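Student: Before I ask anything, let me first share the structure, which is written out below as C-alpha cells.
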Amino acid sequence: MPLIPKISIVIPSYNQGKYLEETLVSVIDQRYPNLQLIVIDGGSVDNSVAIIKQYEKHIHYWVSEKDNGQSHAINKGFAIADGDLLTYLNSDDLLMPNVLEAIANVYCKDKNQIITGNWLEGSNKQTAMLREVIQPPTIENLILNIGLFGQPGTFWSKSEQPILINEQYHFCLDLELFYRLLSSGYKVELINKPVAFFRVHASAKTANLQQTKYEEIIRFLTQCLDKHLNIATKIKALIARNKRTAYRLELAETLKKQPINLIPKLWKAFIYDPRIFIKGI
C-alpha cells in the first residue's frame, strides 16, 4: 500500500456550467498530492467544456461526448480510475476543505472500507443544514432509512473486481451501490468533520420524476426482502408506504395533464388502498 494513497474522483456533468467551476475548484484546492481527477461530460452545449479546458492541467482525463445518463457517465470514469480510493462527485456538489487528507489518513489505518462523515445540505453553503450519518451504519439501517450518509464526500477502497454503478438506477444509484459494498463486507469509518456540501436546487422536480424515484425505491426494497428476513415486516411496510406516495404523485400528474381520466384513477386508487387519500401515511 502506498504511503500516500491514490484517490480517484469522477465528476459526471451535463450542462452544469453554472456550478462546475466551483465543484472543480473544491477538488483542486485540496492540494492532495496523489489525486486522479476524471471529468465525464455528456456533450454539454453550455460553457462546461470551456471551464473544463480552463482547469485541464489539473485533470487526469476528460471527455465531452453523448452518454446514456449519469450512471453511464460515472461508469465510464470508473473504467479509467485506478486509485486506491474511489468516489464520484456530482458537478454541482462540493468537497469541504482538507477532506482528502483526512480520508487518506483513515484509509492508511485499514482498507476494505467506506469512509465518510457528516455533510452540509442546502441551496447554498451559508444557509446549509448539517446532516449526520445514521448510527449505527449497518446494512439494516441503510435499508430501513433508505440510506445512511450523503453520497458526496463518501469514498470507498478499490476491490479486486471492478465496482460499477447499476445503470438501471437513476435516482437511487448511490443507495444500491452502498448496499452492495456493505453486503460484500465493507465497514464504515467516519471522520469527525463535514465532508461535503450537497446542493439542493430551488427548482422542484416534476411529479413524473418524483414518481420514478419512488418506483426505484420500491424496486430496491423488494430486492432486499428475501435477503433480510429479520426485518422483512418493516421492509414490507416501507414498500407499502412508498407505493402510496408514488400513487399520489401519479394522481397529481393525471390531474395536471389529463383531468378527464382522474375519476377512474381515483376510484382505482381507493379500491387499491384507501390510505392513499390520508396525508402522511
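Numbering (UniProt numbering), first residue to last: 1 to 281. Even for Gly, the Cβ is constructed at its ideal location relative to N, Cα and C. Keep in mind it's a predicted model, so treat the numbers as computed, not measured.
Report buried or exposed for ALA204, applying the criterion of at least 16 other Cβ atoms within 10 angstroms of its Cβ.
Tutor: Your numbering for residue 204 matches position 204 in the sequence shown. Residue placement at ALA204 is flagged as unreliable, the pLDDT there being 44, under the threshold of 50; a coordinate-derived value is accordingly withheld.
Student: Alpha carbon to alpha carbon, what distance is there between GLU101 and VAL195?
Tutor: Walking along the sequence shown from the start, residue 195 turns up at place 195. Walking along the sequence shown from the start, residue 101 turns up at place 101. Distance between the alpha carbons of VAL195 and GLU101: 11 Å.
Student: Please classify GLY117 as buried or exposed, where buried requires at least 16 other C-beta atoms within 10 Å of its C-beta.
Tutor: As a first step, residue 117 must be located in the sequence shown, where it is residue number 117. Classification of GLY117: buried, given that the 10 Å Cβ count is 16 or more.
Student: Please determine if the region 157 to 175 and the region 75 to 94 are in contact, where contact requires at least 3 C-beta pairs separated by less than 8 Å.
Tutor: yes
Student: In terms of DSSP beta bridges, what is ALA196 paired with?
Tutor: In the sequence shown, residue 196 corresponds to position 196, counting from 1. According to DSSP, which records beta bridges pairwise, ALA196 is partnered with LEU95.
Student: GLN151: buried (16+ other C-beta within 10 angstroms of its C-beta) or exposed?
Tutor: As a first step, residue 151 is located in the sequence shown; it is residue number 151 there, counting from the start. By the 10 Å Cβ count, GLN151 comes out buried.
Student: Name the two residues that bound the continuous beta strand (DSSP E) containing VAL63.
Tutor: Numbered from 1 along the sequence shown, position 63 holds the residue referred to as residue 63. That run of the beta strand (DSSP E) goes 61 to 64.
Student: Can you list, in chain order, the residues of its chain whose CB lies under 7 Å from that of ASP46, leaving out five sequence neighbours each side?
Tutor: By one-based count along the sequence shown, residue 46 stands at place 46. Excluding sequence neighbours, ASP46 sits near ASN15, GLY17.
Student: Tell me whether the region 57 to 64 and the region 24 to 41 touch, counting them as touching only if at least three CB pairs, one residue from each stretch, are closer than 8 Å.
Tutor: yes
Student: For LEU35, write down the residues that DSSP places opposite it in a beta bridge.
Tutor: The sequence position of residue 35 within the sequence shown is 35, counting from 1. In DSSP, LEU35 forms a bridge with ILE7.
Student: For TYR88, does the three-state DSSP call read helix, strand or coil?
Tutor: Here residue 88 refers to the residue found at position 88 when the sequence shown is read from its first residue. If DSSP states are grouped into helix, strand and coil, TYR88 belongs with the strands.
Student: DSSP three-state label for GLN54, please.
Tutor: For the purposes of this step, residue 54 is taken as the residue at position 54 of the sequence shown. Here GLN54 sits in helix by DSSP.
Student: Return the CA-CA distance between GLN210 and GLU216, expressed in angstroms with no decimal places.
Tutor: The residue you call residue 210 lines up with position 210 of the sequence shown. The residue you call residue 216 lines up with position 216 of the sequence shown. Whole-angstrom Cα-Cα distance: 10 Å.
Student: Could you tell me which of ILE4, MET96, ALA81, ASP82 sits nearest to LEU24, measuring between CA atoms?
Tutor: As a first step, residue 24 is located in the sequence shown; it is residue number 24 there, counting from the start. Among ILE4, MET96, ALA81, ASP82, the Cα nearest to that of LEU24 is on MET96.
Student: What are the partner residues of THR116, as DSSP defines its beta bridges?
Tutor: Here the question's residue 116 lines up with position 116 in the sequence shown. As computed with DSSP, THR116 is found in a beta bridge with LEU190.
Student: Would you mind stating whether TRP119 and GLY147 have Cβ atoms separated by less than 9 Å?
Tutor: Residue mapping note: residue 119 aligns to position 119 of the sequence shown, counting from 1. Residue mapping note: residue 147 aligns to position 147 of the sequence shown, counting from 1. Against a cut-off of 9 Å, the Cβ pair of GLY147 and TRP119 comes out as no contact.
Student: One question on the structure: do TYR179 and ILE218 come within less than 9 Å of each other, judged by their Cβ atoms?
Tutor: Here residue 179 refers to the residue found at position 179 when the sequence shown is read from its first residue. Here residue 218 refers to the residue found at position 218 when the sequence shown is read from its first residue. No.
Student: For ILE52, which of SER13, MET129, GLN223, ILE115 has the nearest alpha-carbon?
Tutor: To locate residue 52, count along the sequence shown from 1; it is residue 52. Among SER13, MET129, GLN223, ILE115, the Cα nearest to that of ILE52 belongs to SER13.
Student: Taking only three categories from DSSP, how would you classify LEU164?
Tutor: Along the sequence shown, one-based indexing puts residue 164 at 164. Looking at LEU164 - three-state DSSP - the assignment turns out to be coil, as it is neither helix nor strand.
Student: Considering residue 345, what are the terminal residues of the beta strand (DSSP E) in which it resides?
Tutor: Any property of residue 345 remains undetermined from this structure, which presents the chain solely from 1 to 281.
Student: Determine the contact status of PRO162 and ALA79, defining contact as a CB-CB distance below 9 Å.
Tutor: The count along the sequence shown starts at 1 and reaches residue 162 at position 162. The count along the sequence shown starts at 1 and reaches residue 79 at position 79. Their beta carbons are under 9 Å apart, which means PRO162 touches ALA79 by this criterion.
Student: Are there 16 or more other CB atoms within 10 angstroms of the CB of SER184, so buried, or fewer, so exposed?
Tutor: Stepping through the sequence shown from its first residue, residue 184 is reached at position 184. Exposed, because fewer than 16 other Cβ atoms sit within 10 Å of the Cβ of SER184.
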